[in-house]
Amino acid sequence: MLRNKIDKIRLLFCKDRESYFCFYRILGFYPRNIRLYEQALLHKSTAVRSEKGRPLNNERLEFLGDAILDAIVGDIVYQHFEGKREGFLTNTRSKIVQRETLNKLAVEIGLDKLIKYSTRSSSHNSYMYGNAFEAFIGAIYLDRGYECCKQFMQKKIIEPYIDLDKLSRKEVNFKSKLIEWSQKNKMEVSFELIEQFLDKENNPVFQTEVRIEGILGGSGTGYSKKESQQNAAQMALKKIKGDPEFMAGVQEAKVQNNISTEDTPDDPEINQTEESPQVDKITSTENISI
9 MLRNKIDKIR LLFCKDRESY FCFYRILGFY PRNIRLYEQA LLHKSTAVRS EKGRPLNNER
69 LEFLGDAILD AIVGDIVYQH FEGKREGFLT NTRSKIVQRE TLNKLAVEIG LDKLIKYSTR
129 SSSHNSYMYG NAFEAFIGAI YLDRGYECCK QFMQKKIIEP YIDLDKLSRK EVNFKSKLIE
189 WSQKNKMEVS FELIEQFLDK ENNPVFQTEV RIEGILGGSG TGYSKKESQQ NAAQMALKKI
249 KGDPEFMAGV QEAKVQNNIS TEDTPDDPEI NQTEESPQVD KITSTENISI
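Going letter by letter, the sequence shown gives residues 9 to 298 in this note's numbering.
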């Protein structure tokens, strides 16, 4: 409280005071290093460069904010849902940190009006606001530390905008999202049940792998086949978003698979003598525009 009053007095003599007051309305405290927050709202399409000629945008802060946000939301969810299983906690956290939710939260607190970007890039970047929200979290962390960042999420985001109990009961269908993505991008996706075992309490546990064009995208476990597929799909979606090397491998596999299909005879003879694993294969045959 005293520190905020001191900061406010100092701002009376600061030429950037309007920016400080703007961020104060969002944060509930005055920034110490306002440049971090300004950079968090700077999209790469602006092509701004530092004095040393390096690109100046929010991508590095977004990377940091993504990790910090996972930890903080996990912390809040863990404390709120005492005694709940790991799978429940993971799913609840994912509903908060998914891009659709972060986009909405960015708009709720007014970040969308502060982001600087080229108008050309805004039409096809549907996650710009959510990415900026993550970068903003990264800025808070560097400026004020973990505890202040957690307090911001708890008091300024979770309490006014998210009902944790209601959200935890809302089902997010990651498998459907993955299939929708595969159709738009004309990719083949398959889910394979690879193992079934008992946990310490003799409850059946299922493990499923999901492959995209034959490349392993994710593995998930659950107390039902459906839950294991959802967890595997969630992991695959995270890789699609944040792992360029994985996506490069998928694209290469798609090219090779298309070549192999063209070279395959129309009526090949197939002899199956061994029992095959249970595979749920989804192939896009619809002509859906991207």
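Ideal Cβ placement from N, Cα and C applies to all residues, glycine included.
CB of residue i within 8 angstroms of CB of residue j, strictly
i: M161; j: I84; result: yes
i: G73; j: G146; result: yes
i: Y86; j: R107; result: no
i: F214; j: S236; result: yes
i: S82; j: K164; result: Residue identity differs from the one stated: residue 82 is Gly in this sequence, not Ser. Cβ atoms of G82 and K164: not closer than 8 angstroms.
i: I220; j: V263; result: no
i: L186; j: A261; result: no
i: D50; j: L122; result: According to the sequence shown, residue 50 is Leu rather than Asp. No, the pair does not count as a contact, with Cβ atoms beyond the cut-off.
i: L175; j: T100; result: yes
i: Y125; j: T54; result: yes
i: I76; j: Y149; result: yes
i: K158; j: I80; result: yes
Residue from the options with nearest C-alpha to residue i
i: E200; options: Y135, E217, T109, S102; result: E217
i: K52; options: I148, N66, L122; result: N66
i: I104; options: L69, Q238, V180; result: V180
i: P212; options: I148, G230, L175, V197; result: G230
i: S232; options: G250, E203, K249; result: E203
i: T109; options: K158, I166, E59, E94; result: I166
i: Q47; options: R68, N266, S190; result: R68
i: F182; options: E70, S198, R57, Q242; result: Q242
i: F96; options: R177, N210, N265, A240; result: R177
i: V197; options: I248, D173, K208, D78; result: I248
i: D173; options: L64, R25, F89; result: F89
i: L119; options: A240, S27, K246, F205; result: S27
i: I34; options: D78, P168, S58; result: P168
i: K78; options: C156, S102, R25; result: According to the sequence shown, residue 78 is Asp rather than Lys. Looking at the Cα atoms, S102 is the closest of the given residues.
i: G250; options: E70, Y38, P63; result: E70
i: W189; options: E209, L206, K246, N210; result: K246
i: Y38; options: E94, Y137, C156; result: C156
Contact belief for residue i with residue j at Cβ below 8 angstroms, rounded distance in angstroms
i: D151; j: R40; result: 5 angstroms
i: Y45; j: F31; result: 5 angstroms
For residue i, three-class secondary structure by DSSP
i: F96; result: helix
i: I223; result: strand
i: Q162; result: helix
i: E277; result: Legend: pLDDT at E277 = 48, less than 50; position of this residue unreliable, value from coordinates given subsequently. Residue state, collapsed to three classes: coil.
i: F212; result: Note on residue identity: the sequence assigns Pro, not Phe, to residue 212. The answer is strand: DSSP assigns P212 an E or B state.
i: R25; result: helix
i: P168; result: helix
i: R57; result: strand
i: V115; result: helix
i: V180; result: coil
i: E188; result: helix
i: S268; result: helix
i: G230; result: strand
i: A143; result: helix
i: E260; result: helix
i: Q204; result: strand
i: S198; result: strand
i: P63; result: strand
i: L49; result: coil
i: E217; result: strand
**Asked** Can at least three beta-carbon pairs, one atom from the region 223-240 and one from the region 254-268, be found at a separation below 8 angstroms?
**Response** As far as the Cβ criterion goes, the region 223-240 touches the region 254-268, which means the pair count is three or higher.
**Segment contact flag, the region 137-146 with the region 106-120, C-beta cutoff 8 angstroms, min 3 pairs** = Under the Cβ criterion (8 angstroms, minimum of three pairs), the region 137-146 counts as touching the region 106-120.
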